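Here is the structure we will look at, set down as structure tokens.
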Amino acid sequence: MKNDTPLLEVKNLDVRFAVRGGDLTALRGISFSLDKGERLGLVGESGAGKSVAAFSILNLIARPGYIAGGQILFEGRDLAAMGERELRRIRGNRIAMIFQDPMMTLNPVLSIGTQMVEALKAHRRISTKAAREIALSKLRKVQIPSPEKRLDQYPHELSGGMRQRVIIAIALLLDPEIIVADEPTTALDVTIQAEIMALLLDLCEQEHVALMLITHDLGVVSQVTQRMLVMYSGRIIEQGPTREIINDAQHPYTQGLINALPQMGEPGARLFQIPGSMPSLKNVPTGCPFHPRCKFATDQCRQTMPEYVRSGNVDVACYEVSNLIEQEKRMQEAGS
Amino acid sequence: MTSPLVDIRGLEKRFDLSGSLLEQITFKNGRFQRRQEAVHAINGVDLQVYKGEALCVVGESGCGKSTVARTVMGLLSPSAGEVHYDGQRIDDLKGQQVLPYRRKMQMIFQNPYASLNPRMTIQQTLEEPIHFHRPELSRNEVRSKVREVMESVGIDADWGSRFGHEFSGGQRQRIAIARALAVDPEFIVADEPISALDVSIQAQVLNLLMDAQETRNLTYLFITHDLAVVEHFGTRVAVMYLGRVCELAQTATLFSEPRHPYTQALLSAIPRLEDDRPNYIRLQGEVPTPVNLPSGCVFHGRCPYANERCRQEIPRLIATDGGNQVACHAVEEGRL
Chain P
1 MKNDTPLLEV KNLDVRFAVR GGDLTALRGI SFSLDKGERL GLVGESGAGK SVAAFSILNL
61 IARPGYIAGG QILFEGRDLA AMGERELRRI RGNRIAMIFQ DPMMTLNPVL SIGTQMVEAL
121 KAHRRISTKA AREIALSKLR KVQIPSPEKR LDQYPHELSG GMRQRVIIAI ALLLDPEIIV
181 ADEPTTALDV TIQAEIMALL LDLCEQEHVA LMLITHDLGV VSQVTQRMLV MYSGRIIEQG
241 PTREIINDAQ HPYTQGLINA LPQMGEPGAR LFQIPGSMPS LKNVPTGCPF HPRCKFATDQ
301 CRQTMPEYVR SGNVDVACYE VSNLIEQEKR MQEAGS
Chain E
337 MTSPLVDIRG LEKRFDLSGS LLEQITFKNG RFQRRQEAVH AINGVDLQVY KGEALCVVGE
397 SGCGKSTVAR TVMGLLSPSA GEVHYDGQRI DDLKGQQVLP YRRKMQMIFQ NPYASLNPRM
457 TIQQTLEEPI HFHRPELSRN EVRSKVREVM ESVGIDADWG SRFGHEFSGG QRQRIAIARA
517 LAVDPEFIVA DEPISALDVS IQAQVLNLLM DAQETRNLTY LFITHDLAVV EHFGTRVAVM
577 YLGRVCELAQ TATLFSEPRH PYTQALLSAI PRLEDDRPNY IRLQGEVPTP VNLPSGCVFH
637 GRCPYANERC RQEIPRLIAT DGGNQVACHA VEEGRL
């Protein structure tokens, strides 16, 4: 499935927030790519920069935030350098977004149908009647019961799960290339979450849409995505195939995150815990941002930021891992 | 079996929606009508909490689990039913009579950003309950007590002069736990204590709660929607749906052999790390509104095994093998 040029390629992206007393770096040297029809998970705890990463893909970073460097190449064109008018042709149209809270996304005073028609008309020259037809077909696709009725209903008349289905239908309206979903099920109950995730996965496969899923839930990432990125303090610290990372995480933070899950521990036993908490952007430690919480930290970790090394198909930014790989190499050489 | 520490009998709680008498009266078709509506949050819950155990109450939003917690604590008065603590009925106690029970029962809330008074230093926050419940203690004794609880939850005792906003979410929840522990309670009601926290912090707080249970011989009533946490933490689990307990079982049994169709669906919806796809039992429809409860079994509208009896008759909790209880006609009749 791997094409030569990916659909979306983010290169060395830096995002900063200009605040009193200097800039805060929210994203530092983010690089990743997304192929056509691929599902990518973005994992991290609050403050890691996952949402900023998602927003910056659509160049939606609002002041005081700004893109300080790097490129966001979508079909070869740089969104970071694009004008507002051109961007508008891509946002919602080629790249759609789904947010966490469906009530915040939908306009409470417009009916579902009006909002869907509005989105279509913003991007296409199309009659209202034809737009309603398309809207109806998308509502059917997200398996909403009695879709004709829903077109004339208002958001408050729908349940949380139903609203999120409407949001997905709106995201699909213009047959986008990429859907960016920022914690789409965090506000929902588990049974509804399972339904919405299954739906999103099915639709992405059927329509061959690429999905960028931002979540803190490793279980969801493992069920839905093919590749994943783990973010910590504005950096990608590990990225690679989801299965490989879940089964054998390399970075001590990723390992900690997985082992801290109650489902990993013996019932009743103490859970594995990472000491401390993520640093605030105001005082990111020098070197590897994880070093104050890491049991493998050395002076090297405290002073310089580790480069990515490859282990299997996974890229990891950790000196401990790179040292282990070096050691293994030397052992093999000595052996042969 | 020994007598329970907390005994909840036939608990019901309704929240009136219809307002004052004048608001209830409408004029329709030439006639005045009086209309009364209520949210039926809890509809007959019987639960016993035994000394030293952690009884978890799980369910999706709107199932009444938080209302149970608040009614047990006396923050809400029940519409019907009784709450007994150590053999004494406590839900009808007034004024001074409640005080000794308040000291023995403490509560931890979900959101540590809302549960700490922003205008009080941590020292003041932690001293207040001790002053209130143990006025006989001298200032020095109170101070040393505060130091002791702060250290026991892993907060530096020298930070007492700081305010809540100077701490991270995880630290705030530790402080909220310290406040509950400050009066040496026997019984703690924890309402979603880790839901607002990040994964790595959740593990820290869960460990803290388990340590406190061990060292202080605490009994927990633990309210949560997160089944993975329950599996790890709970001695027994009560699954609630629309204000009723549908299954009550030992944790290990509930997870290995769920009997009630709702429990089965709920368990199947947990995103597991080992899953490659969402893999769950699909329920029909959505949770009905607690304003107009369905007749018979509250779950019948979504249950694949529902028959005529389920639509008519409310199932009682019946004992199954192994001392567990389930409220389901299908299980009772051996159809399931």
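Protein sequences appear in the order of chains P and E.
Under this note's numbering, the residue at position 44 of the first sequence is numbered 44, and the numbers go up by one with no gaps.
Under this note's numbering, the residue at position 267 of the second sequence is numbered 603, and the numbers go up by one with no gaps.
Even glycine gets a Cβ: it sits at the ideal position worked out from N, Cα and C.
Keep in mind that this is a model prediction, so the values were computed, not measured.
I need the DSSP call for residue 12 of chain P, collapsed to helix, strand or coil.
Here the question's residue 12 of chain P lines up with position 12 in the first sequence. Three-state result, residue 12 of chain P: strand.
Closer than 7 Å by C-beta to residue 296 of chain P: which residues in its own chain qualify, once you throw out the five before and the five after it? Chain order, please.
Position 296 of the first sequence, counting from 1, holds the residue named residue 296 of chain P. Closer than 7 Å at Cβ, skipping near neighbours: 252, 320.
Can you pull the DSSP bridge partners for residue 237 of chain P?
Residue 237 of chain P sits at position 237 when you count from the first residue of the first sequence. Its beta-bridge partners do not exist; DSSP assigns none.
In chain P, what lies closer than 7 Å to residue 587 of chain E by C-beta?
By one-based count along the second sequence, residue 587 of chain E stands at place 251. Near residue 587 of chain E (Cβ distances below 7 Å), the residues of chain P are 267.
Give me the residue from P:195, P:20, P:243, P:285 with the minimum Cα distance to residue 616 of chain E.
Stepping through the second sequence from its first residue, residue 616 of chain E is reached at position 280. Among P:195, P:20, P:243, P:285, the Cα nearest to that of residue 616 of chain E belongs to P:195.
Taking 8 Å as the CB-CB cut-off, is residue 526 of chain E touching chain P?
Here the question's residue 526 of chain E lines up with position 190 in the second sequence. With 8 Å as the cut-off, residue 526 of chain E does not count as an interface residue toward chain P.
If the cut is a Cβ gap below 9 Å, which residues of chain E does residue 246 of chain P touch?
Residue 246 of chain P sits at position 246 when you count from the first residue of the first sequence. Ordered by position in chain E, the residues that pass the 9 Å Cβ test against residue 246 of chain P are 609, 610.
Residues from the region 214-236 of chain P in contact with chain E, defined by Cβ distance under 9 Å:
216, 217, 218, 219, 220, 221, 222, 223, 224
Chain P contact residues for residue 542 of chain E, given Cβ-Cβ distances below 8 Å:
In the second sequence, residue 542 of chain E corresponds to position 206, counting from 1. Correct list: 262, 271.
Assign residue 330 of chain P to one of three DSSP states: helix, strand, or coil.
What you label residue 330 of chain P is simply residue 330 of the first sequence in a count that begins at 1. If DSSP states are grouped into helix, strand and coil, residue 330 of chain P belongs with the helices.
Throw me the rounded Cβ distance for the residue 493 of chain E and residue 508 of chain E pair, which I believe falls under 8 Å.
Residue numbering aside, residue 493 of chain E sits at position 157 when the second sequence is read from its first letter. Residue numbering aside, residue 508 of chain E sits at position 172 when the second sequence is read from its first letter. Not really, about 16 Å apart at Cβ, beyond 8 Å.
For the beta strand (DSSP E) that residue 162 of chain P lies in, which residues bound it at each end?
Taking the first sequence and counting its residues from 1, one reaches residue 162 of chain P at position 162. Careful: residue 162 of chain P lies outside any beta strand (DSSP E), inside the alpha helix (DSSP H) at 160-172.
Alpha carbon to alpha carbon, how far is residue 693 of chain E from residue 300 of chain P?
Any property of residue 693 of chain E remains undetermined from this structure, which presents chain E solely from 337 to 672.
Inspect the CB distances between the region 216-223 of chain P and the region 39-51 of chain P and report whether three or more fall short of 8 Å.
yes
Below-8 Å beta-carbon distance, residue 506 of chain E vs any chain P residue:
Here residue 506 of chain E is taken as the residue at index 170 of the second sequence, counted from 1. Chain P, which has a Cβ nearer than 8 Å to the Cβ of residue 506 of chain E, makes this yes.
Could you spell out the range, first to last residue, of the beta strand (DSSP E) harbouring residue 363 of chain E?
Position 27 of the second sequence, counted from the start, is the residue given in the question as residue 363 of chain E. Per DSSP, residue 363 of chain E belongs to the beta strand (DSSP E) from 361-364.
Starting from residue 437 of chain E, trace the alpha helix (DSSP H) both ways and give me its first and last residue.
For the purposes of this step, residue 437 of chain E is identified with residue 101 of the second sequence, where counting begins at 1. Looking at the DSSP string, the run of the alpha helix (DSSP H) that includes residue 437 of chain E is 435-440.
Using the three-state DSSP reduction, which class does residue 211 of chain P fall into: helix, strand or coil?
As a first step, residue 211 of chain P is located in the first sequence; it is residue number 211 there, counting from the start. Residue 211 of chain P: strand per DSSP, three-state reduction.
Please classify residue 74 of chain P as buried or exposed, where buried requires at least 16 neighbouring CB atoms within 10 angstroms.
By one-based count along the first sequence, residue 74 of chain P stands at place 74. Looking at its Cβ environment, which holds 16 or more other Cβ atoms inside 10 Å, residue 74 of chain P is buried.
Looking at chain E, which residues of the region 30-55 of chain P have a Cβ within less than 7 Å of any of its Cβ atoms?
45, 46
Cβ shell of residue 666 of chain E (< 6 Å), same chain only, five flanking positions each side left out
Residue numbering aside, residue 666 of chain E sits at position 330 when the second sequence is read from its first letter. Taken in chain order, the residues that qualify are 641, 672.
Quick check: residue 643 of chain E and residue 273 of chain P, are their CB atoms within less than 8 Å of each other?
Stepping through the second sequence from its first residue, residue 643 of chain E is reached at position 307. Stepping through the first sequence from its first residue, residue 273 of chain P is reached at position 273. No, they are not a contact pair.
Quick one: Cα of residue 14 of chain P to Cα of residue 26 of chain P, how far?
Numbered from its first residue, the first sequence carries residue 14 of chain P at position 14. Numbered from its first residue, the first sequence carries residue 26 of chain P at position 26. For residue 14 of chain P and residue 26 of chain P, the distance between alpha carbons rounds to 8 Å.
For residue 201 of chain P, would you say it is in contact with chain E, using Cβ-to-Cβ distances shorter than 8 Å as the test?
Sequence index remark: in the first sequence, residue 201 of chain P carries index 201 (1-based). Answer yes: the Cβ-Cβ gap between residue 201 of chain P and chain E drops below 8 Å somewhere.
Give me, in chain order, the residues of the same chain whose beta-carbon lies closer than 8 Å to that of residue 154 of chain P; leave out the 5 immediate sequence neighbours on both sides.
Indexing the first sequence from 1 puts residue 154 of chain P at position 154. These residues qualify, in order along the chain: 108, 109, 110, 111, 112.
Determine the direct distance from the alpha carbon of residue 562 of chain E to that of residue 400 of chain E, and round the result to whole angstroms.
On the second sequence, residue 400 of chain E is found 64 positions in, with the first residue counted as 1. On the second sequence, residue 562 of chain E is found 226 positions in, with the first residue counted as 1. Rounded to the nearest angstrom, the two C-alpha atoms are 15 Å apart.
Sub-8 Å separation of residue 378 of chain E and residue 394 of chain E beta-carbons:
As a working mapping, residue 378 of chain E is identified with position 42 in the second sequence. As a working mapping, residue 394 of chain E is identified with position 58 in the second sequence. No, they are not a contact pair.
Separation of residue 213 of chain P from residue 2 of chain P, as counted between CA atoms
Translated into positions along the first sequence, residue 2 of chain P becomes position 2. Translated into positions along the first sequence, residue 213 of chain P becomes position 213. Per-residue confidence for residue 2 of chain P stands at a pLDDT of 46, beneath the threshold of 50, marking its modelled position as unreliable; no derived number is given.
Is residue 212 of chain P close to chain E? Criterion is C-beta to C-beta, closer than 8 Å.
Residue numbering aside, residue 212 of chain P sits at position 212 when the first sequence is read from its first letter. No, because no Cβ of chain E sits closer than 8 Å to the Cβ of residue 212 of chain P.
Rounded to the nearest angstrom, how far is the Cβ of residue 374 of chain E from that of residue 352 of chain E, given a contact under 8 Å?
Position 38 of the second sequence, counted from the first residue, corresponds to residue 374 of chain E. Position 16 of the second sequence, counted from the first residue, corresponds to residue 352 of chain E. Yes, they are in contact, since the Cβ atoms of residue 374 of chain E and residue 352 of chain E sit about 5 Å apart, within 8 Å.
Straight-line CA distance for residue 16 of chain P to residue 575 of chain E?
Taking the first residue of the first sequence as position 1, residue 16 of chain P is located at position 16. Taking the first residue of the second sequence as position 1, residue 575 of chain E is located at position 239. Each residue's Cα considered, the two are about 46 Å apart.
Which of helix, strand or coil does DSSP assign to residue 561 of chain E?
For this step, residue 561 of chain E is matched to residue 225 along the second sequence. If DSSP states are grouped into helix, strand and coil, residue 561 of chain E belongs with coil.
N- and C-terminal bounds of the beta strand (DSSP E) containing residue 581 of chain E:
Translated into the one-based positions of the second sequence, residue 581 of chain E becomes position 245. Looking at the DSSP string, the run of the beta strand (DSSP E) that includes residue 581 of chain E is 580-586.
For residue 585 of chain E, does the count of other Cβ atoms within 10 angstroms reach 16, so buried, or fall short, so exposed?
Sequence index remark: in the second sequence, residue 585 of chain E carries index 249 (1-based). With 16 or more Cβ atoms within 10 Å of its Cβ, residue 585 of chain E is classed as buried.
Anything in the region 609-640 of chain E with a Cβ closer than 9 Å to a Cβ of chain P? List those residues in chain order, please.
609, 610, 611, 612, 613, 614, 615, 616, 617, 618, 619, 621, 622, 623
Identity of the residues DSSP links to residue 71 of chain P by a beta bridge
Sequence index remark: in the first sequence, residue 71 of chain P carries index 71 (1-based). P:11.
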